[in-house]
Ligand code: ARG
């Protein structure tokens with residue numbers, strides 16, 4: 008570890024005066040040491056302590072991890088939180104009914120009493136970050152790879168318990184550089200989170216899945232919540248006695264506008280990247296895994312869409328699941344396309360070639376690439392097993408419900424433990440409460456038939472469960488008919504086919520009854536097949552590849568001592584800095600950095616659900632009633648792009664100018680760089696942001712809620 012620091016330090020010295028690619032998701036704790044000079048050179052006006060500090064209020068105090076999957080920022084002294092519409096989507100849909108349809112119509116609380124609590128939501132604010140690498144690595148000494156995960160869990164438990172002792176905080180340790188470093192994050196977590204407002208989804212999701220992951224973009228992708236705390240300003244469960252949280256810092260909002268080249272930085276919680284992936288992993292993704300995910304998701308999306316088109320209530324129930332499955336359906340299409348177009352496999356091969364030369368005389372690294380080759384060769388034949396289980400078999404809603412009874416079966420059968428069995432039944436009841444609300448048996452039946460047929464065709468016959476033979480005994484001239492008839496039988500006879508019979512079973516459980524249920528039998532057969540034959544192969548692969556990945560990253564750092572490395576995203580707090588930048592997506596085409604309301608009107612199509620717009624927005628456009636939010640040329644700004652390095656999880660993150668004022672919020676990546684989670688492409692990689700002026704215009708003029716804007720600290 009000491010060596011790693013030395014390398015990082017040396018690299019920062021070398022790089023400090025040059026301005027290069029704006030790649031990198033940096034750990035805030037290390038900014039002062041490695042990035043600060045470069046940030047200043049690019050236009051940062053704040054001190055390093057104003058970015059991150061534990062002894063004084065800093066930017067980090069205004070950034071929240073939103074519901075465990077997105078980012079939000081606090082923008083008033085009364086705990087007002089701004090995030091994306093797609094981050095609030097699930098809550099907004101859940102708070103909507105046909106009669107009070109805030110998803111379609113939008114909503115702005117007229118005062119604090121009208122804000123709407125949604126159970127289950129939370130935000131977490133980082134209190135401090137600590138480098139615990141030495142402690143963790145010391146504790147791992149002599150531990151073999153297959154025991155590493157368990158040992159890590161034990162070490163983490165000790166460190167986090169120690170870190171939060173005597174406080175109400177929570178803590179977690181995150182692995183960095185594939186296990187070459189470890190950082191501890193201490194959080195304060197709030198659970199009384201209320202919806203303050205949202206534009207209608209025709210604005211908040213304008214462009215829908217057609218425009219998703221693409222620039223030029225015209226989406227007002229934002230929603231607003233408020234954090235509530237008890238009278239002592241501490242986290243408390245929902246209560247009408249709670250009061251708005253008073254943050255240590257909130258971001259001022261800038262109406263000054265942006266131009267090409269302006270400094271821009273983003274702080275948030277990027278989810279996952281895989282920038283140190285081996286070439287074999289890319290080949291497997293492009294050839295097998297990604298196309299399979301896309302195909303399996305497509306089946307679900309088509310069947311759900313038919314349901315959603317029939318009536319509003321059903322659409323509201325399925326909207327959130329549909330949006331999240333569609334989001335990564337399109338992601339994997341784009342990632343595959345761009346991995347090919349940008350020849351990422353060749354690039355990785357080239358880097359591995361350089362590494363091989365570097366490693367040839369170093370025992371520590373000599374065998375890395377050959378071991379990786381061996382591990383992939385052994386794993387490749389089984390690589391679709393996990394995809395088919397997760398995205399296929401368990402992607403069928405009824406199968407998911409049936410599988411929630413596995414813990415019950417094991418409690419009864421293996422442990423003969425009635426208390427555990429009762430607990431397992433209660434858990435199954437709880438998890439399926441919401442599932443049944445959005446369960447459409449006839450669509451699900453269609454999905455099952457197609458998933459089974461694809462499994463049959465894509466997975467080698469010797470990997471099928473014995474049960475496949477039973478399925479194929481169903482009537483039918485073709486396999487397609489057999490799978491359809493089989494699925495029809497399952498949905499007709501299974502106790503899981505409606506909530507009432509599921510609950511009747513929970514109230515009067517019987518192992519015998521469960522084991523004779525056709526849905527349970529099928530899920531159990533596929534799951535057991537996976538567990539007994541393939542899980543060990545996957546574990547072997549992971550245990551073989553992990554130490555090589557670790558050595559590879561360490562070796563790359565040694566090989567390129569002039570370069571400052573940053574760790575892959577892992578849902579921990581990071582900062583990325585760069586500038587507002589247009590780009591040329593292909594020959595003779597230029598994409599400007601800013602879109603305007605003109606573009607919304609160009610795309611507007613009342614016949615197309617994804618491109619509608621509220622009448623009031625059309626009217627505001629006609630009368631050019633943009634108030635103080637317009638551009639100098641009188642147009643209304645909508646979105647802009649920066650070259651910041653973000654990924655999923657950064658959704659909702661603040662884009663800030665050099666003074667730490669809010670200029671926008673990040674909500675997407677662009678199509679030409681969909682391979683960005685694997686390689687950052689300087690030429691194409693952009694972050695798509697909603698312009699803060701559009702946000703304020705939509706609240707003030709479209710939502711007629713100027714009182715919310717008045718809560719903010721505006722800089723103009
Ligand atoms: N691509 C965006 C992200 O992952 C989400 C956009 C949601 N919109 C949609 N049409 N599904 O951050």
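Numbering (the working numbering), first residue to last: 8 to 723.
Cβ coordinates follow ideal geometry from the N, Cα and C atoms, glycine included.
Checklist line | Collapsed DSSP secondary structure at residue 585 in the structure displayed | finding: Three-state DSSP puts residue 585 in a strand.
Item checked: Own chain residues within Cβ distance below 7 Å of residue 325, not counting five before or after -> Excluding sequence neighbours, residue 325 sits near 311, 314, 315 and 445.
Margin query: Taking a contact to mean a Cβ-Cβ separation below 8 Å, would you say residue 219 touches residue 337 in this structure?
Written below: Yes, the Cβ-Cβ distance between residue 219 and residue 337 is below 8 Å.
Notebook entry, point to check: What is the DSSP secondary structure of residue 301, counted as helix, strand or coil?
Noted result: It is helical.
Margin query: Tell me the DSSP secondary structure of residue 248 in three-state form.
Written below: Looking at residue 248 - three-state DSSP - the assignment turns out to be coil, as it is neither helix nor strand.
Item checked: residue 602 versus residue 559 - alpha carbon distance -> Straight through space, the alpha carbons of residue 559 and residue 602 are spaced by roughly 42 Å.
Next item on the list: Could you check the C-alpha separation between residue 722 and residue 435 for me, to the nearest Å?
Entry: Residue 722 and residue 435: Cα-Cα distance of roughly 51 Å.
Next item on the list: Measure the alpha-carbon distance for residue 109 versus residue 709 and round it to whole angstroms.
Entry: Their backbone Cα atoms lie some 14 Å apart in a straight line.
Check: Going by DSSP, what residues sit across from residue 87 in a beta bridge?
Finding: 233.
Margin query: Determine whether the beta carbon atoms of residue 524 and residue 502 lie at a separation below 8 Å.
Written below: Result yes, Cβ atoms of residue 524 and residue 502 sit closer than 8 Å.
Checklist line | residue 76 to residue 658 span [Cα, whole Å] | finding: Annotation: residue 76 to residue 658 spans about 8 Å, alpha carbon to alpha carbon.
Check: Regarding residue 212 and the ligand MN, is the C-beta to nearest heavy atom distance less than 7 Å?
Finding: As presented, the structure is devoid of the ligand MN, carrying the ligand ARG as its sole ligands.
Note to self: Please identify the residue among 625, 614, 703 and 593 whose C-alpha is closest to the C-alpha of residue 680.
What the structure shows: Among 625, 614, 703 and 593, the Cα nearest to that of residue 680 belongs to 593.
Next item on the list: Determine, using beta carbons only, whether residue 718 and residue 83 come nearer to each other than 8 Å.
Entry: For the pair residue 718 and residue 83, the CB atoms are nearer than the 8 Å cut-off.
Notebook entry, point to check: How about residue 197 and residue 252: do their beta carbons lie closer than 8 Å?
Noted result: Taking 8 Å as the Cβ cut-off, residue 197 and residue 252 qualify as a contacting pair.
Next item on the list: In the DSSP assignment, find the unbroken beta strand (DSSP E) run with residue 177 in it and report its ends.
Entry: 177 to 183 is the span of the beta strand (DSSP E), which, as asked, contains residue 177.
Margin query: Going by C-alpha to C-alpha distance, which of 695, 696 and 670 sits closest to residue 259?
Written below: Closest option to residue 259, Cα to Cα, is 670.
Checklist line | Straight-line gap, residue 490 to residue 404 (C-alpha atoms, nearest Å) | finding: Between the alpha carbons of residue 490 and residue 404 lies a distance of about 17 Å.
Checklist line | Residue environment, residue 433, which counts as buried when at least 16 other CB atoms sit within 10 Å | finding: By the neighbour-count rule (16 or more Cβ atoms within 10 Å), residue 433 is not buried but exposed.
Next item on the list: May I ask you to report which of helix, strand or coil DSSP gives residue 644?
Entry: In the structure shown, residue 644 sits in a strand (DSSP, three-state: E or B).
Check: Would the beta-carbon of residue 297 be found less than 7 Å away from any heavy atom of the ligand ARG?
Finding: No, Cβ of residue 297 sits at least 7 Å from all heavy atoms of the ligand ARG.
Check: Roughly how many angstroms separate the alpha carbons of residue 261 and residue 495, rounded to a whole number?
Finding: The alpha-carbon separation between residue 261 and residue 495 amounts to approximately 58 Å.
Next item on the list: Verify the contact flag: residue 216, CB atom, against every heavy atom of the ligand ARG, threshold strictly below 7 Å.
Entry: Checking the Cβ of residue 216 against the ligand ARG gives yes.
Check: Taking buried to mean at least 16 other C-beta atoms within 10 Å of its own C-beta, is residue 9 buried or exposed?
Finding: Here residue 9 scores only 42 on pLDDT, less than 50, and its place in the model is too uncertain to base an answer on.
Note to self: Could you tell me the alpha carbon to alpha carbon distance between residue 295 and residue 208, rounded to whole angstroms?
What the structure shows: Per the coordinates, the alpha-carbon of residue 295 lies some 35 Å from the alpha-carbon of residue 208.
Check: Any chance the stretch 633 to 643 sits against the stretch 673 to 689, with 3 or more Cβ pairs inside 8 Å?
Finding: Verdict: no, contact absent.
Check: Does the Cβ of residue 16 have 16 or more other Cβ atoms within 10 Å, making it buried, or fewer, making it exposed?
Finding: With a pLDDT of 42 at residue 16, under the threshold of 50, the predicted position of this residue should be treated as unreliable, though the coordinate-derived value follows. With fewer than 16 neighbouring CB atoms inside 10 Å of its own CB, residue 16 falls in the exposed class.
Check: Helix, strand or coil for residue 687 per DSSP?
Finding: Residue 687 falls in the coil class under three-state DSSP.
Next item on the list: Please confirm if the stretch 642 to 650 is in contact with the stretch 693 to 700, defined as three or more CB-CB distances below 8 Å between the two stretches.
Entry: By the Cβ criterion, the stretch 642 to 650 is in contact with the stretch 693 to 700, since at least three pairs of Cβ atoms, one from each stretch, lie closer than 8 Å.
Checklist line | Presumed contact (8 Å Cβ cut-off) between residue 279 and residue 577, rounded CB distance | finding: With 8 Å as the limit, residue 279 and residue 577 qualify as a contact, their Cβ atoms being about 7 Å apart.
Next item on the list: Pick helix, strand or coil for residue 209, following the three-state DSSP scheme.
Entry: It is helical.
Notebook entry, point to check: To the nearest angstrom, how far is it from the Cα of residue 86 to the Cα of residue 50?
Noted result: The straight-line gap from Cα to Cα measures roughly 29 Å.
Check: Going by the C-beta, is residue 674 closer than 7 Å to any heavy atom of the ligand ARG?
Finding: Distances between the C-beta of residue 674 and the heavy atoms of the ligand ARG include at least one below 7 Å.
Next item on the list: Confirm the yes/no value for this check: CB of residue 100, any heavy atom of the ligand ARG, distance under 7 Å.
Entry: No - the ligand ARG has no heavy atom lying nearer than 7 Å to the Cβ of residue 100.
Margin query: Is residue 220 near the ligand ARG - that is, is its Cβ less than 7 Å away from at least one heavy atom of it?
Written below: The answer is yes for residue 220.
Margin query: Any heavy atom of the ligand ARG closer than 7 Å to the beta-carbon of residue 634?
Written below: Because no heavy atom of the ligand ARG lies under 7 Å away, the Cβ of residue 634 does not count as near it: no.
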